[in-house]
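Visitor:
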Amino acid sequence: MINLNTVKKRVASKLIIALSCSFLLCVSGCSKPTSSEPKSSSAPDATKPQLQDQVASISPQLLTGVWLGQASLDVEKLERKIENLPPQQQQVVAAKANSFLSTVMAMDFRSDGTVENEIEIISIDGQSLRDGSVGQWKVLDSTAEGLMVETEEQLDNGTVAKDKMFYRFFDNGNQVAIAARVSEDLAGCDTVIVFERRTPTPTNVAAGDAKTQTK
Numbered sequence: 101m102i103n104l105n106t107v108k109k110r111v112a113s114k115l116i117i118a119l120s121c122s123f124l125l126c127v128s129g130c131s132k133p134t135s136s137e138p139k140s141s142s143a144p145d146a147t148k149p150q151l152q153d154q155v156a157s158i159s160p161q162l163l164t165g166v167w168l169g170q171a172s173l174d175v176e177k178l179e180r181k182i183e184n185l186p187p188q189q190q191q192v193v194a195a196k197a198n199s200f201l202s203t204v205m206a207m208d209f210r211s212d213g214t215v216e217n218e219i220e221i222i223s224i225d226g227q228s229l230r231d232g233s234v235g236q237w238k239v240l241d242s243t244a245e246g247l248m249v250e251t252e253e254q255l256d257n258g259t260v261a262k263d264k265m266f267y268r269f270f271d272n273g274n275q276v277a278i279a280a281r282v283s284e285d286l287a288g289c290d291t292v293i294v295f296e297r298r299t300p301t302p303t304n305v306a307a308g309d310a311k312t313q314t315k
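Sequential numbering of the sequence shown, starting at 101, is according to the working numbering.
(1) With respect to the alpha helix (DSSP H) encompassing Arg180, which residues constitute its N-terminal and C-terminal limits?
(2) Cutting at 8 Å between CB atoms, please list the residues of its own chain near Val260, excluding the five before and the five after it.
(3) Rounded C-beta distance between Arg297 and Gly169? I'm assuming under 8 Å.
(4) For Gly246, which residues from the same chain have a beta carbon less than 7 Å from its beta carbon, with the 5 sequence-adjacent residues on both sides left out?
(5) Would Lys196 be called buried (16 or more neighbouring beta carbons within 10 Å of its own) or exposed?
(6) Which runs of the beta strand (DSSP E) at least 3 residues long sit entirely within the segment 209 to 263? Give them in chain order.
(7) Quick one: Cα of Arg210 to Cα of Leu178, how far?
(8) Would you mind working out which of Thr299, Thr203, Pro300 and Ala287 sits nearest Gly226, comparing C-alpha positions?
(9) Just to confirm, are Leu162 and Gly273 a CB contact at a threshold of 8 Å?
(10) Alpha carbons only, please: which of Glu220, Trp237 and Ala206 is nearest the one belonging to Leu229?
(11) Quick one: using the 10 Å Cβ neighbour count with 16 as the cut-off for buried, is Val215 buried or exposed?
(12) How far does the beta strand (DSSP E) with Ser199 in it reach, from first residue to last?
(13) Check whether the Cβ atoms of Ala287 and Ala171 lie closer than 8 Å to each other.
(14) Given Met207, which residues of its chain have a CB within under 6 Å of its CB, disregarding the five upstream and five downstream residues?
(15) Please report how far the alpha carbon of Lys181 lies from the alpha carbon of Gln190, in whole angstroms.
(16) Looking at the secondary structure, which residues open and close the beta strand (DSSP E) in which Val294 lies?
(17) Where Glu176 and Ser223 are concerned, what is the direct C-alpha to C-alpha distance, given to the nearest angstrom?
(18) Strictly by DSSP, which residues pair up with Gln275?
(19) At a threshold of 7 Å, does Asp231 count as lining the ligand COA (C-beta to nearest heavy atom)?
(20) Quick one: what's Val166 bridged to in DSSP?
(21) Assuming Val249 contacts Ala277 under a Cβ cut-off of 8 Å, what Cβ separation, rounded to an integer in Å, is found between them?
(22) Report the partner residues of Ser172 according to the DSSP bridge assignment.
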């Protein structure tokens with residue numbers, strides 16, 4: 101069982117599966133807006149060159165383990181996006197941005213194909229919204245930059261929800277970033293969830309995947 105409190109202690113004030121994130125942002129958008137300006141995130145920007153230390157070859161096993169993450173966005177892009185909006189609408193979008201930046205998430209990818217995640221976000225009216233799920237995961241494709249992963253979750257109504265997400269690795273496999281699905285207000289602002297590994301890299305991966313694989 102992963103413990104989201106560990107994430108909250110680590111990221112402090114920086115309080116899905118990605119689908120959960122999209123849903124929670126929609127809920128936030130229906131709440132009363134605040135007048136706060138968007139806060140910049142302390143999380144690494146997965147779109148910037150400083151995170152270019154990628155592993156030479158990605159093994160599916162590299163994703164195995166516990167990951168703790170937080171939301172990040174490009175505040176400069178957000179400011180340009182809203183600069184011509186009326187002041188009241190700017191406040192609404194800024195409140196949604198702050199709500200998104202409050203997102204913390206924990207993921208546990210297990211070697212038996214099980215994945216567990218927990219996510220928490222603070223809505224723009226101050227409510228703590230929390231969700232979690234357990235499902236299955238498998239790698240569909242591997243590139244030099246990351247893994248395309250499919251997840252399956254059994255819903256309460258008996259149906260199976262499937263999702264695909266690209267996990268981009270950085271810092272020799274110790275960081276991974278996924279794109280966050282957000283409302284149109286934050287589209288184009290490089291919204292991502294950046295995770296740090298909280299369990300050691302599998303020994304067979306660390307030993308064998310520092311080199312480029314060849315077939």
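The C-beta atom is built at its ideal place from N, Cα and C for all residues, glycine as well.
Guide: Working from what's here:
(1) Val175 to Ile182
(2) Answer for Val260: Glu252, Glu253 and Gln254, listed in chain order.
(3) About 10 Å; that fails the 8 Å criterion.
(4) Ile158, Phe266, Tyr267, Arg268 and Phe269
(5) Buried is the call here.
(6) 214 to 222, 228 to 242 and 246 to 254
(7) 36 Å
(8) Thr203
(9) With contacts defined as CB atoms closer than 8 Å, Leu162 and Gly273 qualify as a contacting pair.
(10) Glu220
(11) buried
(12) Counting along the chain, Ser199 falls outside any beta strand (DSSP E), though it belongs to the alpha helix (DSSP H) covering Pro187 to Leu201.
(13) no
(14) Trp167 and Asn217
(15) 10 Å
(16) Val292 to Arg297
(17) 22 Å
(18) Looking at the DSSP output, Gln275 bridges to Phe270 and Glu296.
(19) In terms of ligand content, the structure shown is empty, and the ligand COA therefore cannot be addressed.
(20) Asp208
(21) The pair is not a contact, with the Cβ atoms about 13 Å apart (cut-off 8 Å).
(22) Val292
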